[in-house]
Structures are given as structure tokens and as C-alpha cells.
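In the UniProt record's numbering, the protein residues as written are 1 to 278.
Here the structure is laid out as C-alpha cells; the discussion comes afterwards.
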Amino acid sequence: MSALSMVYHKKFMRVFLTNPLAFRVTARHSWDDTNNHMLTLTAFSHLCKKATTTVMVYIPEASLLCRSSSFTFTLQNSCPEGLQIVYVSRKPISDHEWIHTDPVDHMDNKRLFNLPVNYRPPSQLGVLIPTTDNIYNADPSHPHPRQHYPISKNSGRYKQCAGKRSAEECGCTDRLKVSPLAINSDCRQRVLRLTFPVTDFNITLFLRRTNHADHPLCSPYFVTVTEVNNRTSWNVTGTHATPTMDRMRQYFEDSLKNNLYNPEGLQISFYVNHLQSP
């Protein structure tokens with residue numbers, strides 16, 4: 001009975017959050033056989049909401065000099081640093097192959113296509129009327145092809161090559177040459193070659209993080225699909241619809257302009273040739 005009385009008279013540890021709306025935190029107090037006070041915190045993040053909060057735990061009677069001592073830690077609800085979504089083909093192509101060799105498929109067809117210098121994809125206005133600002137395989141020392149109309153002449157912006165006189169000055173490293181990001185398009189010299197027409201092309205996505213193994217992207221993750229060069233001659237023709245995906249679509253109906261798709265079973269069809277970059 002005396003041991004139980006000692007437990008009941010102990011002061012509880014207290015928990016404070018600097019941003020209480022960021023997480024829902026529950027606290028559970030318990031004691032072991034030697035009356036050590038244990039505090040178990042469980043944090044629940046809100047759906048698709050980036051937030052940070054500092055958690056302060058005050059411990060009474062833990063110091064002979066201070067009435068109360070404490071320790072702090074930070075909770076952050078966001079994607080881990082360096083995490084990215086990548087596409088990996090069924091027969092992967094290494095970075096070395098992308099840059100230095102010509103890999104072929106089972107029928108001895110080349111799997112990569114070398115882009116013309118200063119290439120820009122066509123638009124919905126026509127094959128000879130590029131309107132995108134993205135330039136591929138950029139070289140400021142060469143002329144821009146397909147500059148027949150004002151809308152084409154007034155678009156197209158260098159990124160790595162801005163203010164440079166030649167491709168050698170653009171600083172395109174091997175990493176930039178294989179980057180799928182539109183911001184690095186100046187350095188992109190080669191693309192995946194597909195036989196037209198492309199129907200129900202399987203998009204297999206993975207989560208990639210430095211010093212970690214790739215993991216297949218699947219539920220509860222969902223993706224949107226856009227075309228970085230503003231082309232419209234494509235369509236998502238397959239995805240594994242689930243009740244969770246339907247609920248997520250309703251949840252983001254007012255804030256997202258594009259549909260959410262389950263990355264599992266994702267398929268895309270292209271209806272014209274030339275470069276497509278979803």
C-alpha cells in the first residue's frame with residue numbers, strides 16, 4: 001500500500017507543443033516495478049499537411065538545483081530530405097549506358113534516341129510550332145530550329161546555358177545529363193525511344209533516397225500526372241482504382257487541378273510522336 005501511495009503522490013511529467021495544430025499527440029504515463037516514471041508519447045500527423053513543432057517535456061523533481069528540468073525535440077511532418085520519385089523501366093538502363101553506350105532491346109533496336117541540338121518538342125498547334133520554354137541538348141553556338149512563327153521565337157529559355165556562348169560553357173555534368181527534371185533540360189541529350197503508337201505504356205515508379213534501396217511507389221502514395229511541355233496528345237489509360245483513391249480525390253477536389261492516380265497499375269498512351277515528358 002505504501003508503494004502505491006508513493007506513486008500517486010508523484011508529480012507527472014508535462015508535455016508542451018509549440019505548434020499544437022501540427023500534430024495530435026497523446027501521452028501515457030506508467031511506472032515500472034521500481035517506481036520509475038515512464039512517459040510514452042504517440043504523435044499523429046494530419047493528412048498531407050507539412051508542419052513542424054517543438055516538443056518540450058518538463059520533468060519535476062529531476063534536479064537538486066532546479067524546481068523543474070526539461071528536454072526538447074522537434075517533430076517534422078514532410079518528405080525526408082533527398083526523397084524523390086523515379087521511373088525505372090522493366091529493363092533498367094544504367095547512367096553509364098545513358099551517356100556513353102547504345103543499349104538495344106531483344107530485337108536489337110536502339111533503346112535511346114539522340115536529340116537534335118536545341119531541340120524543342122512540338123505543340124498542339126503543330127509539329128513545326130514549338131511553344132515550350134524547355135530546350136533540350138542545348139548549345140548557344142548553334143541556331144534554334146523551327147523558329148518560323150512569333151510564338152516560337154518568343155518562347156524557349158536557356159537554363160544551364162543562359163548567358164553562355166557554347167555547350168562547353170554550360171557545365172553539364174553526367175548527373176545533369178541523366179536528370180529527368182525540366183529544370184535541367186539544357187543538359188538532356190538523349191531520351192527513351194519508344195515505337196509509335198504507344199498504347200497502355202506501363203509507368204513503374206519507385207521511391208529513391210541516397211544510401212537507401214529503391215522501394216516501389218504504392219498506396220497510400222498517390223500521384224498526379226502532367227506534361228512539362230504542355231502537350232495534350234496523351235492520356236492516362238490505366239490505374240488501380242481503390243476506395244482510398246476515390247476519397248483522396250474528393251479531399252483534394254478544390255485544391256488540385258489534376259486527378260490523383262494510384263501509382264500501381266499506372267498506364268499512359270501517347271497519340272502522336274516526338275518527345276513527350278510526363
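Where a beta carbon is used, it is the ideal one built from N, C-alpha and C, also for glycine.
Quick caveat: nothing in here was measured; it's all calculated off a predicted structure.
Going by other Cβ atoms of all chains shown within 10 Å of its Cβ, with 16 needed for buried, is F12 buried or exposed?
F12 should be labelled exposed.
Going straight from the alpha carbon of L83 to that of H144, what length do you get?
36 Å
Between the segment 186-195 and the segment 112-121, do three or more beta carbon pairs fall short of 8 Å?
yes
What is the rounded straight-line gap between the Cα of S269 and the Cα of N202?
9 Å
Alpha carbons only, please: which of A138, L65, N259, N230 is nearest the one belonging to R165?
A138
With distances taken from CA atoms, which of N211, L64, T101, Q124 is nearest E227?
Q124
List in chain order: all unbroken beta strand (DSSP E) runs of 3+ residues lying wholly within the UniProt domain "CATSPERB Ig-like" (8-76).
You should have 14-17, 23-31, 37-45, 51-60.
In angstroms, rounded to a whole number, what distance separates the CA positions of T173 and M248?
39 Å
Apart from the five residues just before and just after F16, which ones in its own chain have a Cβ nearer than 6 Å to its Cβ?
M56
Return the CA-CA distance between C170 and V272, expressed in angstroms with no decimal places.
31 Å
Is Q250 helix, strand or coil when you go by DSSP?
If DSSP states are grouped into helix, strand and coil, Q250 belongs with the helices.
Take the Cβ of L181 as the centre, count every other Cβ of all protein chains shown within 10 Å, and call the residue buried at 16 or more, exposed below.
Exposed, because fewer than 16 other Cβ atoms sit within 10 Å of the Cβ of L181.
Taking the alpha carbon of P150 as the reference point, which residue from P130, Y158, K159, Y136 has its own alpha carbon closest?
P130
Below 6 Å CB to CB, which residues in the same chain sit around L266 once its five sequence neighbours on both sides are set aside?
Closer than 6 Å at the Cβ level, and outside the excluded window around L266, lie I203, T239.
How many Å lie between S219 and V104 at the Cα?
33 Å
Taking buried to mean at least 16 other C-beta atoms within 10 Å of its own C-beta, is R90 buried or exposed?
exposed
For residue 287 and A51, I'd like the C-alpha separation in whole angstroms.
As displayed, the chain neither begins before 1 nor continues past 278, which places residue 287 out of reach and without an answer.
Using a Cβ-Cβ cut-off of 7 Å (strictly less than) and excluding sequence neighbours within five positions of V198, which residues of its own chain qualify?
Within the same chain, V198 has close Cβ partners S269, F270.
Ends of the alpha helix (DSSP H) at R175?
174-177
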